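S.K.: Residue numbers for the sequence shown follow our numbering, beginning at 12 and rising by one. The beta carbon of each residue, even a glycine, is placed where N, CA and C say it ideally should be. Keep in mind the model is a prediction, meaning the values are calculated, not measured.
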Amino acid sequence: MILPSASPASLVLGLAAALAYALPALFAARLAPGVSRAALAAAWVLHGAALVWSLAFTPPHFGFAPALSITAWFVLTVYAVESRLYPRLRARWALCGLGAVAVLLALAFPGTALHAQNSPWLPLHLALGVASYGLFAAALVHAWLMTRAEKQMRLAADPQSGMPLLMLERLTFRFVNAGFVLLTATLAAGLLFGETLYGRAWRWDHKAVFSVLSWLTFLVLLLGRARFGWRGRTALRWLYIGSALLLLAYVGSRFVLEVVLHRAPA
């Protein structure tokens, strides 16, 4: 069953993080840059504290919404680092909106308890999977910035991303490459050590099918880029398809189980 609510501490931390995210997301044009950055930093810290607290349950809880929340926090961490390297990088309002929605979803759907009989290596396996989600999500953010910059260039306007188009493209595919490595490791661990991790061997359920399809899609993308020099819309189309399949793999299947069917995953 889905937990009826988050713990009181998680609720306070999550609501505070969502409020801090909402300030730069809703009032980006009215806030001074320093105030906006301070609100984002506070939201990032509060969000991280809420995640740590929610995962400190005995037993820990996990589900589609916590996975999205961790992914959003990971993307915001990447943005915080890059904004130091590229001060003109402007995606704060969109990422803050993403963070606020992810935090509120995790409060509404805290997930289900991880079974005690699961392997102690399961958290590492889940961490690999969520990290691959985060890297592909970061790639999607850069792909969106790249598309926006390209449109601005066609209109002879100043690119709003604040970064050169070629740099955005290189960063996008660095994240894709890193995400593909982690996704491969996650699938290999599930295939080879499924019985140790989950108490059952690998089986071709919806999560496995969509995960393998996403892996194959990203493989085609990377091979097409290396062999045929795929760039621009062709490469981004494959990136979007692979990311959609990956989203359906874990988040989609858990959403159906937890929210639609009200069942705990097997």
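My assumption, with CB atoms under 8 angstroms, is that glycine 122 sits in contact with glycine 74. Please give the rounded CB distance.
M.R.: Looking up residue 122 in the sequence shown gives position 111. Looking up residue 74 in the sequence shown gives position 63. Indeed they touch by this definition, with Cβ atoms about 3 angstroms apart.
S.K.: I'd like to know if the region 217-227 and the region 257-277 are in contact, where contact means that at least 3 CB-CB pairs between them fall below 8 angstroms.
M.R.: As far as the Cβ criterion goes, the region 217-227 touches the region 257-277, which means the pair count is three or higher.
S.K.: Can alanine 78 and valine 141 be called in contact, C-beta distance under 8 angstroms?
M.R.: The residue labelled residue 78 in the question sits at position 67 within the sequence shown. The residue labelled residue 141 in the question sits at position 130 within the sequence shown. Yes, the Cβ-Cβ distance between alanine 78 and valine 141 is below 8 angstroms.
S.K.: Roughly how many angstroms separate the alpha carbons of histidine 72 and glycine 59, rounded to a whole number?
M.R.: To locate residue 72, count along the sequence shown from 1; it is residue 61. To locate residue 59, count along the sequence shown from 1; it is residue 48. Answer to the nearest angstrom: the Cα atoms are 16 angstroms apart.
S.K.: May I have the straight-line CA-CA distance separating alanine 43 from leucine 230, to the nearest angstrom?
M.R.: Stepping through the sequence shown from its first residue, residue 43 is reached at position 32. Stepping through the sequence shown from its first residue, residue 230 is reached at position 219. One C-alpha to the other measures close to 43 angstroms.
S.K.: Of the residues Val192, Phe204, Ser94, which one's Cα is nearest the Cα of histidine 153?
M.R.: In the sequence shown, residue 153 corresponds to position 142, counting from 1. Cα-wise, what sits closest to histidine 153 is Ser94.
S.K.: For the putative contact between leucine 146 and phenylalanine 186, defined by C-beta atoms under 8 angstroms, what is the C-beta separation to the nearest angstrom?
M.R.: Start at 1 with the first residue of the sequence shown, and residue 146 comes out as number 135. Start at 1 with the first residue of the sequence shown, and residue 186 comes out as number 175. With a Cβ gap of about 5 angstroms, leucine 146 and phenylalanine 186 count as contacting.
S.K.: Please say whether lysine 218 and serine 143 have beta carbons closer to each other than 8 angstroms?
M.R.: Translated into positions along the sequence shown, residue 143 becomes position 132. Translated into positions along the sequence shown, residue 218 becomes position 207. Result no, Cβ atoms of serine 143 and lysine 218 do not sit closer than 8 angstroms.
S.K.: Would a C-beta distance cut-off of 8 angstroms place alanine 246 and leucine 232 closer than the cut-off?
M.R.: The sequence position of residue 246 within the sequence shown is 235, counting from 1. The sequence position of residue 232 within the sequence shown is 221, counting from 1. The answer is yes: Cβ separation under 8 angstroms.
S.K.: Suppose you measure from the CA of glycine 201 to the CA of arginine 165; what does that come to, to the nearest Å?
M.R.: To locate residue 201, count along the sequence shown from 1; it is residue 190. To locate residue 165, count along the sequence shown from 1; it is residue 154. C-alpha separation (whole angstroms): 45 angstroms.
S.K.: Looking only at C-alpha atoms, which of Ala117, Phe184, Ala138 sits nearest to valine 270?
M.R.: In the sequence shown, the residue the question calls residue 270 occupies position 259. Nearest C-alpha to valine 270: Ala117.
S.K.: Report the start-end ranges of each alpha helix (DSSP H) in the region 217-245 that is 4 residues or longer and not cut off at the edges.
M.R.: For the region 217-245, whole alpha helix (DSSP H) runs of length 4 or above, ordered along the chain, are 217-239.
S.K.: Please identify the residue among Leu182, Leu62, Asp216, Val112 whose C-alpha is closest to the C-alpha of leucine 297.
M.R.: In this structure the chain extends from 12 to 277, so residue 297 is not present and cannot be described.
S.K.: To the nearest angstrom, how far is it from the Cα of serine 80 to the Cα of alanine 138?
M.R.: As a working mapping, residue 80 is identified with position 69 in the sequence shown. As a working mapping, residue 138 is identified with position 127 in the sequence shown. Approximately 13 angstroms, taken between the alpha carbons.
S.K.: From what residue to what residue does the alpha helix (DSSP H) around tryptophan 55 run?
M.R.: Taking the sequence shown and counting its residues from 1, one reaches residue 55 at position 44. Element bounds for tryptophan 55: 44-65.
S.K.: Assign tryptophan 278 to buried or exposed, taking buried as 16 or more other Cβ atoms, counted over all protein chains shown, within 10 Å of its Cβ.
M.R.: One cannot answer for residue 278 here, as it falls past the ends of the chain, which runs 12 to 277.
S.K.: Once you ignore the five residues that flank alanine 50 on each side, which residues in its own chain have a CB closer than 7 angstroms to its CB?
M.R.: Reading the sequence shown from its first residue, position 39 is the one you call residue 50. Hits under 7 angstroms: Ala31, Leu34, Pro35.
S.K.: What did DSSP end up calling alanine 138 once you bin it into helix, strand or coil?
M.R.: Your numbering for residue 138 matches position 127 in the sequence shown. Here alanine 138 sits in helix by DSSP.
S.K.: Is histidine 72 helix, strand or coil when you go by DSSP?
M.R.: Looking up residue 72 in the sequence shown gives position 61. The answer is strand: DSSP assigns histidine 72 an E or B state.
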